[in-house]
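Protein chains: 2
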Amino acid sequence: MSSRRKFIQNLALGTTLAVSLPEIVTAAGIKRTSININANDVILFQGDSITDAGRDKSKDDANDPRTLGTGYAFIAASQVLLKKAPLNLRIFNKGISGNKVYQLAERWDKDCLKIKPNVLSILIGVNDYWHTLAKENAYSGTVETYKRDLKDLLTRTKKDLPNVQLVIGEPFAVKDVRAVTDEWYPAFDAYRLAAKDIAKDFNAVFVPYQQIFDEAIKHAPANYWTGDGVHPSLAGAALMAEAWLKVVGI
Amino acid sequence: MSSRRKFIQNLALGTTLAVSLPEIVTAAGIKRTSININANDVILFQGDSITDAGRDKSKDDANDPRTLGTGYAFIAASQVLLKKAPLNLRIFNKGISGNKVYQLAERWDKDCLKIKPNVLSILIGVNDYWHTLAKENAYSGTVETYKRDLKDLLTRTKKDLPNVQLVIGEPFAVKDVRAVTDEWYPAFDAYRLAAKDIAKDFNAVFVPYQQIFDEAIKHAPANYWTGDGVHPSLAGAALMAEAWLKVVGI
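Chain order of the listed sequences is A and B.
Numbering-wise (my numbering), the first sequence opens with residue 269 and increments by one.
Numbering-wise (my numbering), the second sequence opens with residue 269 and increments by one.
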């Protein structure tokens, strides 16, 4: 029996009474931190396909739904713009599908520094590992490459924007869903830990996405939260946005 | 001085201390009602461009971010799928830009009845009025046409789906923003009131969108919430979703 069918059967056996989900983000012990958001601030989301989420790259306006994709960045942005309405914020998403850290670096002047974000949120790393597994033209970077590239990127960012407030997301994967096989472990864990360590070194707020997905799969089957183990479903994107908002203090 | 500049100046004069927005939806006095959502239920959003919000009409999968547009339906759906994760819900958006009630009726078999929603949310009416103002080929329907068409549509729906739970959104407009001129009033108000009366007649939950936009413009300029007076900005869409979720009890 598939895990999904088993899950539905369990529902039928009595847990339908619990129609309202406990707050996964609260259950995961995620706490508010101290990002300050002021009038006229700029918030920038950066990353790979999880951040990109099909955004319209032909347009460049802040707060334009089409430019924000249909992922966690869009959902988080919508809540920031609602809850901080009097602040006249401008929010951008410049994630690009397939990116690894070195590819962020290649477009950093245009897609980050020139935008002068007050809050910069970066989620990067799953491709730095995943693409090493490719059958053809596999990426040759290691976790040491990832660490060096990410530190270099953040050092460069802090040099140009000394007051930028950093939010770093934990690269995550949901095991046993399509792309994410046993082969990933323990190698992939080192990337998660590297992101966490580097966040601490750069005084960044850290969003523990792996922790919330680990909690989420207690409430619905893994493939409810992600179609392939790497890219979140709409429910997964909403979960990520909730964690992001909580951590950022919104 | 533009209202936006004046608003920003007011911020600078001291209200920046109030960085967190009071809950507009709470301030508007919107209350939870009694929609029941059960395991495996189907939720359908129907309406015009405000619901459509650029959705990808080439796909038909439930819960697919691309098929849900980038408006209030997407944001509300994301929160429903997160907060009701154990229920295995399926959510669709079948709004089509430009639609008036009679155009919903023309595609109702395919785009509603066949989908067999347990919860059907309809927001329709602004075009039933707005298109009467067109310089060429103006729509000849009146508020009486709107009432008759909407009652007929709901009667037909209830006949085919006797247990469907209805959510009816109030058509709304934000005065003095681009398209919405003095010319709209008081004629447009009759459409809002008609929707409210019909919601009551059909035992539908009513989402008072006009009321929340009237409240919202106390917190940020009108053009922060809508670009043209009719279509919500991302902040406006988030506001609508928050009201929808509150009214539906999620």
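Every residue, glycine too, gets a C-beta built ideally from N, C-alpha and C.
Let's see if you can read the secondary structure: which residues bound the beta strand (DSSP E) around residue i?
i, result
"S389/B", "V387 to L391"
"I311/A", "V310 to G315"
"V473/A", "V473 to V475"
Output yes or no for whether 8 Å exceeds the beta carbon distance between residue i and residue j.
i, j, result
"A505/B", "S346/A", "yes"
"F470/A", "K415/A", "no"
"V411/B", "A472/B", "no"
"A503/A", "I298/A", "no"
"F313/B", "N356/B", "no"
"I318/A", "H487/A", "no"
"A463/B", "P489/B", "no"
"I480/A", "A296/A", "yes"
"F342/A", "T338/B", "yes"
"L507/A", "I292/A", "yes"
"R300/A", "V432/A", "no"
"Y459/A", "D396/A", "yes"
If distances are taken between C-alpha atoms only, which option among the options comes closest to residue i?
i, options, result
"G315/B", "N367/B, A353/B and F360/B", "N367/B"
"V387/A", "N304/A, K351/A and Y370/A", "N304/A"
"R446/B", "R424/B, Y492/B, E374/B and G437/B", "Y492/B"
"L381/B", "D396/B, G337/B, K351/B and T423/B", "T423/B"
"I390/B", "A490/B, E404/B, W398/B and A373/B", "A373/B"
"D329/B", "I311/B, L401/B and A458/B", "I311/B"
"K484/B", "G363/B, K443/B, A463/B and A458/B", "It is worth fixing the name first, because residue 484/B is Ala in this sequence and not Lys. Measuring from the Cα of A484/B, the nearest candidate turns out to be K443/B."
"A402/A", "Q433/A, E438/A, V448/A and I359/A", "V448/A"
"A307/A", "I359/A, P476/A and K468/A", "I359/A"
"T400/A", "W452/A, L513/A and L336/A", "W452/A"
"G393/A", "T413/A, W376/A, L336/A and P385/A", "T413/A"
"W398/B", "D377/B, L350/B, D450/B and K351/B", "D450/B"
"A353/B", "D309/B, G409/B, P385/B and L336/B", "D309/B"
Residue range of the alpha helix (DSSP H) that residue i falls in?
i, result
"Q369/A", "Position check: residue 369/A holds Val in this sequence, whereas Gln was assumed. Note, V369/A: alpha helix (DSSP H), V369 to E374."
"N491/A", "A490 to W493"
"A455/A", "A455 to D469"
"K514/B", "L502 to V516"
"A295/A", "I292 to A295"
Rounded to whole angstroms, how far is the Cβ of residue i from the Cβ of residue j, which I believe are closer than 8 Å?
i, j, result
"R323/A", "G322/B", "Incorrect: roughly 12 Å between the Cβ atoms, too far for contact."
"A509/B", "Y370/B", "Not quite, the Cβ-Cβ distance comes to about 27 Å (not below 8 Å), so this is no contact."
"G497/A", "A455/A", "About 15 Å; that fails the 8 Å criterion."
"G517/B", "S302/B", "7 Å"
"D320/B", "I364/B", "6 Å"
"S501/B", "N331/A", "7 Å"
"I466/B", "L418/B", "5 Å"
Runs of alpha helix (DSSP H) wholly within the stretch 338–365 of chain B (minimum 4 residues, chain order)
340–351
Minimum length 4: unbroken alpha helix (DSSP H) runs contained in the stretch 393–448 of chain B:
394–398 and 411–428
Closer than 8 Å, Cβ to Cβ, to anything on chain E: give me those residues from the stretch 322–342 of chain B, in chain order.
Of the protein chains in the structure, A and B, none is chain E.
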